[in-house]
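I have placed the structure first, in the form of structure tokens, so that the comments after it can refer back to it.
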Amino acid sequence: MNVFKDFEAKIKAALEAASAAGELPSDLDLSRLTVEPPRDASHGDVSTNAAMVLAKQAGKPPRAIAETLVARLRALPEVTAAEIAGPGFVNLRVAAGYWRRRLTDVLVAGTTYGASTMGNGVAVNVEYVSANPTGPLHAAHARGAVVGDALAALLEKAGYAVTREYYINDAGAQVEVLGRSTYLRYREAVTGEAADIPTGLYPGEYLRDVGQLLAARDGAKWLDKDEAEWLPACRDFAVETILGWIKDDLASMNIRHDVFTSERALVASGAVDSALKSLEDQGLIYVGVLEPPKGKKPEDWEPRPQTLFKATEFGDDVDRPLKKSDGSWTYFANDIAYHLDKVRRGTPVLIDVWGADHGGYVKRMEAAVKAVTGGQGALDVKICQLVHLMDNGQPVKMSKRAGTFVTLRDVLDAVGRDVVRFIMLTRRNDQTLEFDYAKVREQSKDNPVFYVQYAHARCRSVLRHAAEAHADWDLTGPGLASGADLDRLDSPEEVDLIRLLLSWPRLIEAAAEAHEPHRVAFYLHDVASAFHGLWNKGKDDATLRFLIEGDEGVTKARLALVKAVSLVIASGLAIMGVEPVEEMR
RNA sequence: GGCCCCGUAGCUCAGCUGGAUAGAGCACUCGCCUUCUAAGCGAGCGGUCGCAGGUUCGAAUCCUGCCGGGGUCGCCA
-5 MNVFKDFEAK IKAALEAASA AGELPSDLDL SRLTVEPPRD ASHGDVSTNA
45 AMVLAKQAGK PPRAIAETLV ARLRALPEVT AAEIAGPGFV NLRVAAGYWR
95 RRLTDVLVAG TTYGASTMGN GVAVNVEYVS ANPTGPLHAA HARGAVVGDA
145 LAALLEKAGY AVTREYYIND AGAQVEVLGR STYLRYREAV TGEAADIPTG
195 LYPGEYLRDV GQLLAARDGA KWLDKDEAEW LPACRDFAVE TILGWIKDDL
245 ASMNIRHDVF TSERALVASG AVDSALKSLE DQGLIYVGVL EPPKGKKPED
295 WEPRPQTLFK ATEFGDDVDR PLKKSDGSWT YFANDIAYHL DKVRRGTPVL
345 IDVWGADHGG YVKRMEAAVK AVTGGQGALD VKICQLVHLM DNGQPVKMSK
395 RAGTFVTLRD VLDAVGRDVV RFIMLTRRND QTLEFDYAKV REQSKDNPVF
445 YVQYAHARCR SVLRHAAEAH ADWDLTGPGL ASGADLDRLD SPEEVDLIRL
495 LLSWPRLIEA AAEAHEPHRV AFYLHDVASA FHGLWNKGKD DATLRFLIEG
545 DEGVTKARLA LVKAVSLVIA SGLAIMGVEP VEEMR
């Protein structure tokens, strides 16, 4: 259990007792009350703003309320000091013994430590990757893939029921272009005559593979057919084949989606007509002429009537088109239906992870979700900013096979899965990220992947040494929890590290609530740093090493701490999808 | 031009959704290896949180307007 929740309950109980005693009014609004670690550890272990938040309601100055609160909190056995500071903070110092006892929570829970019931089983749909099935995944997709997957894992850890979803954009003009491009490569494969790919079609080398596979399957079957016959065949074959590649690439990153939804199937099911009908019934659709975008040259602009959605009524800047001139739905219209579909499938909370180029699309989608679900669905769009791929400061060359971009496969081959997954989470998603092959492969503390892995490996190393020297000791988490006298962890550094480990549940809840998986990466860096520091204490003073010959009591206590560190790091890496290593090579 | 994101130490970035003296890493200056992996650790140096207003007991954080960088902008998805 989250230790700060524990103290929050104690503080609220103290306030209620004060109300009952007539020192404070009853029915206090405690919604803005926070119980947190103070920023500066020298202020204590637990801090609350209760007195300041309640000052107005109680009609008393903050310090007077603080006095009341402090008097009651001092009586708690685990509180060694309660002080009023600054404008009215109440700071508590908690007995070191409290923290030490709590360490057993980590040892008993193992890598499930930090799991929360905060989400209460609420269904959340996280949609990520959703790359168009017209070519292999780009390096840029890696970021969205990792952020989405880690966010999904984080939400699961926080107690939400998560669906991981991929939206296949297999409708519209782009897949027609794919079909035509594939046909040329197919003909090339069958006849042996090099194809000339006109502009407007996809020139990528990878379509040669698709053409050859189609030729292998169907032979010359399509050569003398009409376009009306070969186009759907080529299109569907290409989509299926390329989607297979995409799934392979994702599997290489240990990313698996629960649901793949086809845009084409969605349209065919009539979902779009039905979704748009509901907007129409609400009077949110009309035919109108849009103003030209400001700053656009007038000669590029011809006013024309379009079927529009009143996005402006839901916070967007302009109304948005729903129909193309040929009468078919726009991508946006399909997307409205798709989001409604997700809500109707039973997930009221929607998260979309998109690339930077879709930033301009966020407002209209949020507006549409509001409109089409009658405010029932909540959509949060996470935009992943650009990734600048470098190698030793030089931009990485584009893929030969794909022609115009670096593929995700190239990046994986260059640095490996764990490095990609970790580094992609070392920035907030809305911050651009520089990804330098040379830097992320470096084995030094400048490389956060290495630094965190090294801390875990050091823990495992200590535990291996202990197991060799004392084959009869139970070094499992529960074994150490019951077999170690944790009061032997008496140095301030050890208690600091315990406190940090015990803040893991709180971090998970905060990160899950904010939809910010990167916080896990920063937290693990902190844990690793504290552990490396403790390790080096043993370099300066041999009595501070973890394994003390002839002192079973202190050794077991320290092994319990080491074990707990390894468990928390492993638990954090699991959310990030990174494999913890046993030793560095 | 409209909209979105970003602007924090010389550099790369955190900052727990409004709290206390704004934190790490790199770089620079010192110090620590007969010892569980020194692939590491410690100390020092370094900031008008882009600028100007506003809200508040209290602002890097919220609001408004500027400045700078990136992205995007009517039947591409």
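Mapping to the numbering used here: the first sequence position 308 is 302, numbers consecutive. We put the beta carbon where it would ideally sit given N, CA and C, even for glycine.
Check: If you draw a straight line from the alpha carbon of R395 to that of F254, how long is it in whole angstroms?; Outcome: 26 Å
Check: Can you give the Cα-Cα distance for P286 and W295, rounded to whole angstroms?; Outcome: 6 Å
Check: Taking 8 Å as the threshold (C-beta atoms), are G282 and D313 in contact?; Outcome: yes
Check: Kindly indicate which three-state DSSP category V443 falls into: helix, strand or coil?; Outcome: helix
Check: What is the DSSP secondary structure of W467, reduced to helix, strand or coil?; Outcome: coil
Check: Which residues does DSSP list as the beta-bridge partners of K195?; Outcome: Here the sequence assigns Leu to residue 195, which means Lys is not the residue at that position. Note: L195 sits in a beta bridge opposite T193.
Check: Please name the residue in I59, L178 and G194 whose C-alpha comes closest to that of A188.; Outcome: L178
Check: Roughly how many angstroms separate the alpha carbons of Q447 and I563, rounded to a whole number?; Outcome: 9 Å
Check: Could you name the residues that DSSP lists as bridge partners for S256?; Outcome: I162
Check: Please state whether DSSP places N43 in a helix, a strand or coil.; Outcome: coil
Check: Among all the DSSP beta bridges, which residues are the ones paired with A117?; Outcome: A155
Check: Label R298 either buried or exposed according to how many other C-beta atoms from any shown protein chain fall within 10 Å of its C-beta, with 16 as the threshold for buried.; Outcome: exposed
Check: Is it true that the region 333 to 348 meets the region 396 to 403, where meeting means three or more beta-carbon pairs spaced less than 8 Å apart?; Outcome: no
Check: Just checking my contact of L419 with M570 at CB under 8 Å: how many whole Å lie between their CB atoms?; Outcome: 6 Å
Check: Just checking my contact of S110 with I502 at CB under 8 Å: how many whole Å lie between their CB atoms?; Outcome: 6 Å
Check: Shortest alpha-carbon distance to A144 belongs to which of E573, E307 and A568?; Outcome: A568
Check: Measuring CB to CB, does L495 end up less than 8 Å from L553?; Outcome: no
Check: Excluding five sequence neighbours on each side, which residues of the same chain lie with their C-beta closer than 7 Å to the C-beta of D520?; Outcome: L494
Check: Identify the residues that DSSP records as bridge partners of P299: which are they?; Outcome: V283
Check: On the DSSP letters alone, give me the boundaries of the alpha helix (DSSP H) that M418 sits inside.; Outcome: Careful: M418 lies outside any alpha helix (DSSP H) and carries neither H nor E.
Check: Report all residues from its chain with a CB closer than 7 Å to the CB of V(-3); omit the five preceding and five following residues, and keep chain order.; Outcome: R96 and L496
Check: Can you tell me which of the three DSSP states V381 falls into?; Outcome: strand
Check: State the Cα-Cα distance for the pair S36 and A515, rounded to the nearest angstrom.; Outcome: 25 Å
Check: By how many angstroms is the C-alpha of E274 removed from the C-alpha of E307?; Outcome: 14 Å
Check: Is S31 near S41, with beta carbons less than 8 Å apart?; Outcome: Checking the displayed sequence, the identity of residue 31 turns out to be Pro instead of Ser. In this structure, S41 lies closer than 8 Å to P31 by Cβ.
Check: Spell out a yes or no on whether the region 219 to 232 and the region 378 to 387 are touching, meaning 3 or more CB-CB pairs, one atom from each, closer than 8 Å.; Outcome: no
Check: Using CA coordinates, which residue listed in K439, T62 and T28 is at the minimum distance from P19?; Outcome: T62
Check: Roughly how many angstroms lie between the CA atoms of Q370 and S272, to the nearest whole one?; Outcome: 14 Å
Check: Need the endpoints of the alpha helix (DSSP H) that I569 sits in, please.; Outcome: E546 to M570
Check: Please determine, among D252, R137 and L316, the residue with the shortest C-alpha to C-alpha distance to L278.; Outcome: L316
Check: Quick test of your reading: W216 and Y160, contact by CB under 8 Å. State the CB separation rounded to the nearest angstrom.; Outcome: So it is not a contact: roughly 29 Å between Cβ atoms.
Check: What are the partner residues of A76, as DSSP defines its beta bridges?; Outcome: L86
Check: P499 and G91 look like a contact to me (Cβ under 8 Å); what is the Cβ gap, rounded to whole Å?; Outcome: Incorrect: roughly 20 Å between the Cβ atoms, too far for contact.
Check: For R578, count neighbouring C-beta atoms within 10 Å of its own C-beta (all shown protein chains included) and say buried if the count is 16 or more, exposed if not.; Outcome: Going by the sequence as given, residue 578 is Met instead of Arg. The residue in question, M578, is exposed, as its Cβ has fewer than 16 Cβ neighbours within 10 Å.
Check: Shortest alpha-carbon distance to D218 belongs to which of G353, D310, N530 and V184?; Outcome: V184
Check: Would you identify the three-state DSSP class for A598, choosing helix, strand or coil?; Outcome: There is simply no residue 598 to check, as the chain begins at -5 and stops at 579 in what is shown.
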